[in-house]
Amino acid sequence: MTSIDRAFIDSLPKAELHLHIEGTLEPELKLELAQRNGVDIGQSTVEQVRDTYSFTDLTSFLAVYYPAMEVLVTEQDFRDLALAYLRRAAADGVVRAEIFFDPQAHTSRGISFATVIDGLWSAVQEAPSLGIDAALIMCFLRDHSADSAEETLAASLPYRDRIVGVGLDSDERGNPPEKFAAVFAAAKDAGYRLTMHCDIDQEQSIQNIATVLHTIGVERIDHGTNILEDPALVAEAKQRGIGFTCCPVSNSFVTDQMKGAEIAALLREGLKVSIASDDPAYFGGYVSENIAVLAEAQQLTSAEVVLLARNSLESSWASDEKKAQWLRQLEEIAG
Ligand code: HPA
Ligand code: ZN
């Protein structure tokens, strides 16, 4: 059995394109912020907090995930959260991080949009000192109303130059992509790039994937491996160069398996598959770990691991100039 050297994976310049900043809240930082802000979270040790990070599917994960955000209160908290992630990502060879954030998870509990974006932006500006080019993607919560998404889009417009694109996350059940067609069209008109979650094994996964490709017009799909159920859609996504941001470790927590065979099949079919960590504080693996477990489970060749890194850079929303520079670095390392 071959296994790809972890140092080799770390050494490859890569983009992380599916990372929820709220999902990087490690128990240590949660305790620190709870203390700093005088929030009683009901636990006082790292082990106790870690024990609360327990779930069996997407819905039970989200039921733990949103309440945990109560410790995020000030601009400094959002900055500290993002900087902790960026430091960790730098160790994994991340040169570009496109970071999801969920404004409604904060504005709905009285934290202003400005507090969230100012804190995150401060970390984004510091990212180059860690060797990372960072960007922010604003996600709408699909279990909130379309009107709430419209209000969030309006709130973001004064900060248009700090946000590269919009996405859609939270509970897909009963919240299909067409609910957000108008707000995504308006976001596109405002110059935002578009991505959307198509979570794994949802009741309407394949219909929702068709809708995001045909009606919403996304450039990337977050997760999306159920596309394999429709070979015509696979061919179309390949032809259009749609990026698929796949998260094997996350999949193994919120479904019964990591969906490694599906991820490898899409990669080998020539789709722009990249690997990311989703919510690493909850699932326990940052990006290199995600690549390593997939490589091990699917016996990926080193050329396929390099392809995952190349795909991540190619499907990122960085400037063409930066992408070309990282791709040259990647080819030098990969030989
Ligand atoms: N799916 C839906 N919502 C989420 C996810 C996800 O993978 N991670 C954080 N919020
Ligand atoms: Zn996600």
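Sequential numbering from 194 applies to the sequence shown in the working numbering. Built from N, CA and C at the ideal position, the CB exists for glycine as well.
Residues that DSSP places opposite residue i in a beta bridge
i	result
S467	T438
G358	I330 and R386
I414	M389 and F437
E396	DSSP lists no partner for E396.
A208	R289
H407	Beta-bridge pairing links H407 to no other residue.
Inter-residue Cα distance where the pair is residue i and residue j
i	j	result
S509	V287	12 Å
V447	S247	10 Å
Y258	Q269	20 Å
V486	V442	8 Å
L493	A282	22 Å
P220	R243	6 Å
V239	I484	27 Å
K515	Q522	11 Å
E429	I214	31 Å
V499	K207	9 Å
A598	G528	Limits of the chain in this structure are 194 at one end and 528 at the other, which puts residue 598 out of reach.
D513	E507	9 Å
L187	A277	Nothing about residue 187 can be read from this structure; the chain reaches only from 194 to 528.
G367	S322	43 Å
D326	Q318	9 Å
H337	E525	46 Å
D311	A298	16 Å
L222	L426	42 Å
L226	A490	37 Å
I234	F333	26 Å
R280	Y475	18 Å
G231	L224	10 Å
E462	K452	15 Å
E344	S495	46 Å
Whole-angstrom C-beta distance between residue j and residue i, which should lie under 8 Å
i	j	result
T267	T308	7 Å
H390	E365	7 Å
Q397	P369	6 Å
A339	K372	6 Å
R272	S315	5 Å
V392	L251	What sits at residue 392 in the sequence shown is Asp, not Val. Correct: roughly 6 Å between the Cβ atoms.
D285	D203	6 Å
E412	G436	7 Å
A469	H211	4 Å
G360	I330	5 Å
A275	E209	Not quite, the Cβ-Cβ distance comes to about 13 Å (not below 8 Å), so this is no contact.
S467	L520	Not confirmed; about 13 Å, so no contact.
I456	T418	6 Å
Residue i, buried or exposed, once every other Cβ within 10 Å from all chains shown has been counted against 16
i	result
D472	buried
G410	exposed
A488	buried
T605	Nothing about residue 605 can be read from this structure; the chain reaches only from 194 to 528.
R353	exposed
L350	exposed
M194	Below a pLDDT of 50, predicted positions are generally treated as unreliable, and M194, at 43, falls in that range; the measurement from the model is reported next regardless. Counting Cβ neighbours within 10 Å, M194 comes out exposed, since fewer than 16 surround it.
A342	buried
R433	exposed
H407	exposed
R335	buried
Q241	exposed
L415	The sequence shown places Asp at residue 415, rather than the Leu named in the question. The residue in question, D415, is buried, as its Cβ has 16 or more Cβ neighbours within 10 Å.
S196	exposed
S253	exposed
D382	exposed
D295	buried
S305	exposed
Query raised in the report: In chain order, which continuous runs of the alpha helix (DSSP H) of length 4 or greater are located wholly inside the segment 276 to 357?
Result: 296 to 300, 306 to 319 and 339 to 349
Report task. Would you list, in sequence order, the uninterrupted alpha helix (DSSP H) runs of no fewer than 4 residues that lie entirely inside the segment 457 to 502? Result -> 473 to 476 and 480 to 491
Report task. Would you list, in sequence order, the uninterrupted alpha helix (DSSP H) runs of no fewer than 4 residues that lie entirely inside the segment 223 to 251? Result -> 239 to 245
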